[in-house]
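Our numbering puts the sequence shown at residues 5 to 364. Glycine included, each C-beta is placed from N, C-alpha and C at the ideal position.
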Amino acid sequence: MRLRLIFLLMAITLVAFIMPILGQGETSEVSLTAQNLDTLEGANIYFTEANGEASRFDQFDPGLSRLAGLLRRQGANLFTLEWRTRFPTDADLIVVAGPTSDFTPDQTARLWAYTINGGRLLLLANPIVESPNRQIWMNNSGFFSLMWNDLSLRGRNDMVVTEASQLEDTEVTQEPDQQDRLITRFTATNLDAEHPITAALDESEIFSARSIEFDSSLRDYNVTPLITSASNFYGEVLYGAYLDTHTFEYNIGTDISRGSLVLAVALDDPRSNTRIVLIGDREFATNGGGFNTSPAGSASFLYPNNVQFAMNSVAWLLDTEIADYTFPTPGPSPTPSTTPSPTPTLTPTPSITATPTPSS
5 MRLRLIFLLM AITLVAFIMP ILGQGETSEV SLTAQNLDTL EGANIYFTEA
55 NGEASRFDQF DPGLSRLAGL LRRQGANLFT LEWRTRFPTD ADLIVVAGPT
105 SDFTPDQTAR LWAYTINGGR LLLLANPIVE SPNRQIWMNN SGFFSLMWND
155 LSLRGRNDMV VTEASQLEDT EVTQEPDQQD RLITRFTATN LDAEHPITAA
205 LDESEIFSAR SIEFDSSLRD YNVTPLITSA SNFYGEVLYG AYLDTHTFEY
255 NIGTDISRGS LVLAVALDDP RSNTRIVLIG DREFATNGGG FNTSPAGSAS
305 FLYPNNVQFA MNSVAWLLDT EIADYTFPTP GPSPTPSTTP SPTPTLTPTP
355 SITATPTPSS
């Protein structure tokens, strides 16, 4: 009898110890307002994964598992695009997350036919291909070629950079005799204040981006720059060589001219009902990039604006209501960045309120 009493007391003590921990875990969950639950209910979202794209199944830094989790939480049905079978007729949105090689001619034709016939496409363009010669995925071939010919929109063959010596002393420490270096990671503060995707956002984190080119003359479709860099950035065409030699030179006429470079755009074509969001930074939405958390594995996003931007993009592409998210305040970053920001990174605001998407 005495032994049973001892075990009972131990069980009560254990429960009393565990319950506060479980309670703390619950507070790290994403909070969605009741009227915004299931805004993507029934939407069929397909991810391409045949050309080195970031995977929705990958829970490590290069993956998209956190983006996929938020999409599922909002009621979306997620699928992997299977190129060996018939192209899906029920696809409401296709996500192409940073391919490291171009699509085959057959893949290009099928994806393009979907896109120009009222398709919805979220495309993240990876600047640097992880290969021995560090080639940049060309913009004058395959899918980007069709985008340029038909929609006057493409990603350039460059990496958006600025020199460390171009930054303020408060933003980066540069010794007088230290060799200058290129900065690719920064906090972008130039966001479009009118577009539904960015109207409620004031900044976003950029990790490594190619610049985006589009024809701004009068067209019967609309292209809106969503994010632009500061004016002291330029597009380095030979960034792969810089990674190997650690030397660089800003070449006027070869590199993309210094100025406010476009990093993300939204295209809306009322003729076909086609919508595209093109982001020149694959890491913008990866677990170790824009969807990074602290503590690891929690819902405390270090860059909640990146998360809201990605979810706003999906909602706009699907022409549905934009959800309001509240995220727990993140802790200190577990791994300080080795490449400083050209603008001081502010503590992200845990609560974000976005504007509703206007009807088409």
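In this chain, the beta strand (DSSP E) harbouring D273 covers 266 to 273. Taking every protein chain shown into account, the CB of D224 has fewer than 16 other CB atoms within 10 angstroms, so this residue is exposed. In chain order, E207 place their CB closer than 6 Å to the CB of T193, counting only its own chain and leaving out the 5 sequence neighbours on each side.
Secondary structure of T104 (DSSP, three-state): coil. Using a Cβ distance threshold of 8 Å, I216 and G146 do not count as a contacting pair. By the beta-carbon neighbour count (other beta carbons within 10 angstroms, threshold 16), E57 is buried.
When the five nearest sequence neighbours on each side are left out, the beta carbons in the same chain lying within less than 7 Å of the beta carbon of N48 are those of N81, F83, D94, A95, D96, in order along the chain. The beta-carbon distance between T333 and S302, rounded to whole angstroms, is 11 Å. This is too long to meet the 8 Å contact definition. Secondary structure of Y307 (DSSP, three-state): coil. W320 and T249 have their C-alpha atoms spaced approximately 42 Å apart.
The C-alpha of Y254 lies about 7 Å from the C-alpha of E240. Of the residues A72, G79, N55, the one whose Cα lies closest to the Cα of S105 is N55. Collapsing the DSSP output to three states places Y243 in a helix. Judged by beta-carbon spacing, N310 lies beyond the 8 Å limit of F331, meaning their Cβ atoms are not closer than that value.
Residue pairing by DSSP places P229 opposite V269 in a beta bridge. Look at Y50 here: in three-state DSSP terms it is strand. A204 sits in coil when the DSSP states are folded into three classes, being neither helix nor strand. Residue environment analysis places S221 among the exposed positions, since fewer than 16 neighbouring C-beta atoms fall within 10 angstroms of its C-beta. Around the Cβ of T232, a 10 Å sphere holds 16 or more other Cβ atoms; the residue is buried. Between S69 and N291, the C-beta spacing is below 8 Å.
Taking all protein chains shown into account, L282 has 16 or more neighbouring C-beta atoms within 10 Å of its C-beta and is therefore buried.
The continuous beta strand (DSSP E) containing G159 extends over residues 157 to 159. For E172, same chain residues with a beta-carbon under 7 Å away, outside a window of 5 residues either side, do not exist.
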